[in-house]
Amino acid sequence: MAEGVISNLVAKALELLAASAFKEASSWWGARDDLKKLGKSMEMIQARVRDAEKYQEEEGSHAVKLWLRRLKLVLYQADDLFDHILTVDRQKQRRKQNHEVHFSLRSSSPVLNWKIAGEIKSIREQLDDIKSDIAGLNLPSYQHRVGPSPQMALLLNNRATTPFVEAEDVIGRECDKDKIVEMLFDPKYDAEKVTIIPIVGFGGLGKTTLAQFALSDQRVQNHFFPLKWAYVPEKNDRNAVMGKIFNSFTVEENFGIDSMPALNLMGNLHIKFCKRRNDAVLEAQRANLKGSQRLSNLTLDYRELEREKATPSFSGMNEMLMYLQLPPNLIYLRVGNYSGDKMQCRWLDVLSKLASIIISECNTCKTLPHLSQLPHLKNLYLERLDALEYVEDEDDIWVGEDCGYEAHYFPALENLELDGLPQLKRWTRPSKSGGEQRRQLFPRLFQMEVCNCKELVSFPLAPKLESLKVSRGNAKLFESNLVLHDDIPCKWLVGLSKIVSISISGCNNCTVLPHMSHLPLLKKVYLERLDGLEYVEDEDDILGDGDCGYTSHYFPALEKLNLISLPELKKWRRPSKNGGEKRQQRQLLFPHLLHMEVKHCKELVLMPLAPKLESLEVFRSNEKLFESNLASPNKEASSSLFTSLKHLRIDGTKDSLSISSRLCKLESVHITNGMELRSLMIESPSSIRDLQLAWVNSGICNILEEDFPFIETLEIRGSSEELEEGNTSTYWQGLKSLRSLQLHYMNNLKKLPPGIACLTNLQDLYIGYMKNLIALPDEIGNLSLLQKLTIARVEKLIALPEEIGNLSLLSRLEIFRCRELRILPLSLQGLTSLQELLIYGCPHLEERYSVKFNGRDRHLLQHIPDLQIR
15 MAEGVISNLV AKALELLAAS AFKEASSWWG ARDDLKKLGK SMEMIQARVR DAEKYQEEEG
75 SHAVKLWLRR LKLVLYQADD LFDHILTVDR QKQRRKQNHE VHFSLRSSSP VLNWKIAGEI
135 KSIREQLDDI KSDIAGLNLP SYQHRVGPSP QMALLLNNRA TTPFVEAEDV IGRECDKDKI
195 VEMLFDPKYD AEKVTIIPIV GFGGLGKTTL AQFALSDQRV QNHFFPLKWA YVPEKNDRNA
255 VMGKIFNSFT VEENFGIDSM PALNLMGNLH IKFCKRRNDA VLEAQRANLK GSQRLSNLTL
315 DYRELEREKA TPSFSGMNEM LMYLQLPPNL IYLRVGNYSG DKMQCRWLDV LSKLASIIIS
375 ECNTCKTLPH LSQLPHLKNL YLERLDALEY VEDEDDIWVG EDCGYEAHYF PALENLELDG
435 LPQLKRWTRP SKSGGEQRRQ LFPRLFQMEV CNCKELVSFP LAPKLESLKV SRGNAKLFES
495 NLVLHDDIPC KWLVGLSKIV SISISGCNNC TVLPHMSHLP LLKKVYLERL DGLEYVEDED
555 DILGDGDCGY TSHYFPALEK LNLISLPELK KWRRPSKNGG EKRQQRQLLF PHLLHMEVKH
615 CKELVLMPLA PKLESLEVFR SNEKLFESNL ASPNKEASSS LFTSLKHLRI DGTKDSLSIS
675 SRLCKLESVH ITNGMELRSL MIESPSSIRD LQLAWVNSGI CNILEEDFPF IETLEIRGSS
735 EELEEGNTST YWQGLKSLRS LQLHYMNNLK KLPPGIACLT NLQDLYIGYM KNLIALPDEI
795 GNLSLLQKLT IARVEKLIAL PEEIGNLSLL SRLEIFRCRE LRILPLSLQG LTSLQELLIY
855 GCPHLEERYS VKFNGRDRHL LQHIPDLQIR
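Here it is as structure tokens:
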């Protein structure tokens, strides 16, 4: 399964739910609450579905495959329902526009209204079931490829499909194709009017393929001239449709670029080169693109031409591009899959209004046109140019001696992205005449991304840079990109006083990072996969004397810090080479750090203090990091250390873990993958409201005996610790404010401790994946505020206690895959508040209570409004 298919379906469904017309129409379906819950479930599923797709693609897990298949089927159900709902809404809006008088759907069609609400509820419940099974899949977290920045994303959305499809690749659509062809030839359609034949449905169902199939039909090819293929926008705007049709042109076997109509085109033009032309250069000279004064966006797409075996020579491609005179008022230009080896250096000189340029997948191109003097160029995106070694040539830069420092070198450039340029060495090719190379400067550059440029070692300066991202680059990029007149490599970033975000990842040979500690506006630092990095800073290079670590100018604005997969990182700073007591005792401090994440840094044992830290996540790292970061030689500083921490997440801890009483504001604690943990202590639990323990083999008894006066949610997952059956009277006593309790995968638990009755505020109880649990305690009937009860995969459970009938507020009961459960308590008949009963995968209950099997006790559940047995 290709990664992203189902995640795109989820995103599309969420987009429909967010549509204004959808929200407005929900008021007369009577299902507003279910729609909100459905949206929340989809958002939670969306967060992990891409991980599931990638895991299935790499590992071939059968369980994940089945989970994705279930999700896909439910999404298709949702698509059918959403399509029906929006169709009804459009009909309603059309009637209003035509001033027709109709009764409202609420009053005239109550049956339809109830049916829609019921279908929404059913889809929501299926998604809830799918969501609850995510945890059992044990999915890893992947780093997915992040798209371009928002500014560039707007430019990249112009990608469209092509009209080509092989007939043998299309199966079972002949009848649909014939219907479309018949409609195209139907005489009732006036040739002087625009005819639109909509093909609707969810993404991935083959709408585009069907349209391609109809277009390639020989009858259509022989009858219509010319034929054009265009991407039509989603909104039903006739002007937009016409604009799309006439603003695209395909160079093919029978049409050269000079045969494009001589229209003063406005807006966008997409030219696709699909066939090699013997007279391509002459046709480019005759093309009348320059006359389109109102054309603002131009895309030159050579993708299909590149696929031909007999592509033009380098010289032929170069000449064709050189003679193609561009519209003078272009704002956006994109060139894709160009197969020449150079672009004429003065090709873009006359485009004084050009603001955005994207050059991508031109794998043989070694020379780009001049870009530095374009006065309004704001966005530059260079992607997958395999042969490019330099962007500019020193000898071709027009201006005088100090051109690099003047405002007319890339005077307006704000966003720059370089991705997949494996041969790029420097920004500027050295002058052939020799001499000292001039240093360039981007006077207005705010955002820069450099990805997969492993040979790039030198780059122009950018004093106003606000966001920097470097991924899988060369470490020498930092060392050689020096600040003016300074030979200290580490001071590369010192002059960037406006930078707010730095991301450096995948630079495996990088051992030295530039100084970041004194950047006054730096808020985010992200370091990932730097295999050779041992220290982030050097003690001898930190500016300032005395107790500089405690002053506000050390990382003065840093709020978020991520350290991920730094296997050799030992400490934050390298010890001073000069020694001395003063230097050895100096402590560093992040004055405004709020969020810190440390993952897979197994050698890291010491970090600067962070007195205002609110969120800390530590995954598979060294336990000494806690020990050294909880003490300070300065008594005044240590007394306030971590007192602001609210959220703590620890993954992969060993031996013992004691959470200090200093964490007096701690609200959320998540501890996962502590299978080797021998003891767990929380010294001051009074502030905790959310506690999750996942795959922790020790400390559960202590937790059940502790006093958590304000705790609201508790989740225990995957513990093999055996509860002391003879000493359970103190269990649950300190959890009386608990509202939600989830117990999963506690395989040694045979019976819940009866003290659960003291959880008088409990509203939601989940019991799942218990292999040896044989019964629920009778005391469960004392949970007077319980509203939702879920029992899932409790394989040895035979019956439920009759005391469940005392749960007067229970509104939802879910029983999933309890294959030995044979009968439901008769006391359910007295639960007038029970609105929903869901039974899935319980063969004995299905046989006894379902209408499908004509169950003998099905009448006992008829009082429940929403009853589902599958």
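Counting in the working numbering, the sequence shown runs from 15 upward without gaps. A virtual CB, placed ideally from N, CA and C, is assigned to each residue, including glycine.
Residue i versus residue j - alpha carbon distance
| i | j | result |
| --- | --- | --- |
| Leu659 | Ser635 | 19 angstroms |
| Ser822 | Ile717 | 29 angstroms |
| Leu776 | Ile883 | 27 angstroms |
| Arg753 | Leu705 | 12 angstroms |
| Val234 | Glu67 | 39 angstroms |
| Thr222 | Asp192 | 16 angstroms |
| Tyr346 | Ile371 | 6 angstroms |
| His877 | Gln849 | 9 angstroms |
| Gly869 | Asp231 | 55 angstroms |
| Leu827 | Thr804 | 6 angstroms |
| Pro154 | Ile794 | 36 angstroms |
| Leu309 | Val364 | 15 angstroms |
| Phe724 | Ser734 | 27 angstroms |
| Val24 | Gly220 | 17 angstroms |
| Pro570 | Ser511 | 12 angstroms |
| Leu49 | Asp65 | 25 angstroms |
| Glu431 | Arg543 | 20 angstroms |
| Ile211 | Pro201 | 15 angstroms |
| Ala228 | Leu95 | 28 angstroms |
| Asn332 | Ala401 | 15 angstroms |
| Leu151 | Glu719 | 31 angstroms |
Residue from the options with nearest C-alpha to residue i
| i | options | result |
| --- | --- | --- |
| Glu726 | Leu779, Cys678 and Met760 | Leu779 |
| Trp81 | Ser146, Glu133, Leu776 and Leu95 | Ser146 |
| Arg703 | Ile210, Leu755, Gln70 and Asn687 | Leu755 |
| Ser798 | Arg807, Ser825, Leu399 and Met784 | Ser825 |
| Cys521 | Leu533, Asp545 and Ser531 | Asp545 |
| Pro341 | Arg731, His284 and Gly350 | His284 |
| Arg187 | Ala225, Thr209, Leu151 and Asn152 | Ala225 |
| His529 | Ile513, Glu542 and Arg543 | Ile513 |
| His98 | Val214, Ile148, Leu151 and Lys54 | Val214 |
| Gln339 | Glu573, Ser517 and Gln358 | Gln358 |
| Lys51 | Glu73, Lys135, Phe473 and Gln70 | Lys135 |
| Lys439 | Asn429, Met621 and Val405 | Val405 |
Beta-carbon spacing of residue i, residue j below 7 angstroms
| i | j | result |
| --- | --- | --- |
| Glu582 | Glu548 | yes |
| Ile20 | Val63 | yes |
| Ser701 | Lys679 | yes |
| Glu611 | Glu631 | yes |
| Asn466 | Gly434 | yes |
| Asp315 | Gly354 | no |
| Trp361 | Pro389 | no |
| Asp409 | Lys380 | no |
| Asn343 | Gln387 | no |
| Asn786 | Lys765 | no |
| Leu811 | Cys832 | yes |
Environment of residue i [buried if 16+ CB atoms lie within 10 Å]
| i | result |
| --- | --- |
| Phe199 | exposed |
| Leu475 | buried |
| Ala624 | buried |
| Ala61 | exposed |
| Asn762 | exposed |
| Asp416 | For Asp416, the predicted structure reports a pLDDT of 45, less than 50, and the residue's modelled location is therefore unreliable. The matter cannot be settled from this model. |
| Pro605 | buried |
| Leu87 | exposed |
| Asn488 | buried |
| Arg300 | exposed |
| Asp93 | buried |
| Asn523 | exposed |
| Met197 | exposed |
| Arg83 | exposed |
| Val295 | buried |
*Let me know the alpha helix (DSSP H) ranges lying completely inside the stretch 812-842, each 4 residues or longer, listed in chain order.*
none
*What alpha helix (DSSP H) runs, 4 residues minimum, are completely inside the stretch 576-629?*
595-599
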